[in-house]
Amino acid sequence: MRLSDRKYVADKGKQFVLTEKGKKECASYRHKTVGEPVDECSMVAVAHKVDNGYVIETAIKGWTKLKGFEVVYYKNGYRLPAGNPQVFPVRKRAEIYKKHYESYPWFDNGLLIEEVEYEGVPLGESRTYNGKEVIDKEHYFGLDACEAGDYFSEDIINEFVDILPPTYMRCNCLQIGEPVSHLFDENGKWRATYSTFKRIANGIWEYCGDCFKRENIKRGNVEGRYDI
3 MRLSDRKYVA
13 DKGKQFVLTE
23 KGKKECASYR
33 HKTVGEPVDE
43 CSMVAVAHKV
53 DNGYVIETAI
63 KGWTKLKGFE
73 VVYYKNGYRL
83 PAGNPQVFPV
93 RKRAEIYKKH
103 YESYPWFDNG
113 LLIEEVEYEG
123 VPLGESRTYN
133 GKEVIDKEHY
143 FGLDACEAGD
153 YFSEDIINEF
163 VDILPPTYMR
173 CNCLQIGEPV
183 SHLFDENGKW
193 RATYSTFKRI
203 ANGIWEYCGD
213 CFKRENIKRG
223 NVEGRYDI
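Residue numbering for the sequence shown follows my numbering, beginning at 3 and increasing consecutively.
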């Protein structure tokens, strides 16, 4: 592990988990399970919690090296990642991520999906609804790797709400965070769009893409004209 800004960062393939001492002496940890991570980000721990023996660095069970997929492009002899460097453990998500970046009008580089080494825990089997994958925390790799029509579990929707302030929320529709983009509507008005989800069943939400505020159908045009 290494110390950075009064926090310890675990070595690759390791995480911080609760000790018996931590459960006994830290009131906020008494409802936690010994041997399990105490925070959402298990690879980082406040220095004094490690120094006092409340959490300890340990190997992540099942961690291994697998085949992964990275979206890249080449420019002036350099190999560059599309957006932030990210390796996907499944090709489908890399393909959606590639399609997402190709949709930007300002991005004019040819993108490739290359097989690379992926380090992590093998993914478990996805839950399904009506024969379609339901994305949960384990199978989520960012909204740029998702497309309109994808299903999400309730727990990850709740996590979105905790992290990003809702722009608009009702019982069956949620829009989160800052504007994703701006598009022209049918009246030629330049309007903001937001990441949007709609509830389709108990515990299941459908990703609608980026939609105008208070709407859950993706529409609009980037060029100033509107086509239905």
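Here a beta-carbon is modelled for each residue, glycine too, at the ideal position from N, C-alpha and C.
The continuous alpha helix (DSSP H) containing Gly24 extends over residues 22-27.
For the pair of segments examined, the region 38-58 was found not to touch the region 91-101: the number of CB pairs separated by less than 8 Å stays below three. For Cys43, the number of other beta carbons within 10 angstroms of its own is below 16, and it is reported as exposed.
Look at Asp157 here: in three-state DSSP terms it is helix. When the Cα atoms are used, Trp192 and Gly179 turn out to be separated by approximately 19 Å. By the C-beta criterion, the region 65-85 is judged not to be in contact with the region 26-37, since fewer than 3 inter-stretch pairs fall below 8 Å.
Spatial neighbours of Gly64 in its own chain (CB-CB distance under 7 Å, excluding positions within 5 residues in sequence) are listed in chain order as Val123, Pro124.
Counting C-beta pairs with one atom in each stretch, the region 159-177 and the region 128-135 have fewer than three that are closer than 8 Å, which means they do not touch. Glu121 carries a strand assignment under DSSP once its states are collapsed to helix, strand and coil. Counting of Cβ neighbours within 10 angstroms places Arg95 among the buried residues, the total reaching 16 or more. Distances from the alpha-carbon of Leu20 to those of Asp146, Val74, Arg32, Ile206 put Arg32 closest. According to the DSSP assignment, Asp53 belongs to the alpha helix (DSSP H) that extends over 49-53. A distance below 7 Å between beta-carbons, with the five flanking residues on each side excluded, links Val11 to the following residues of its chain, in chain order: Met3, Arg4, Met45, Val46. Out of Gly70, Gly37, Leu68, Lys67, the CA that lies nearest to the CA of Gly55 is found in Gly37. Between Lys16 and Thr60, the CB-CB gap stays under 8 Å.
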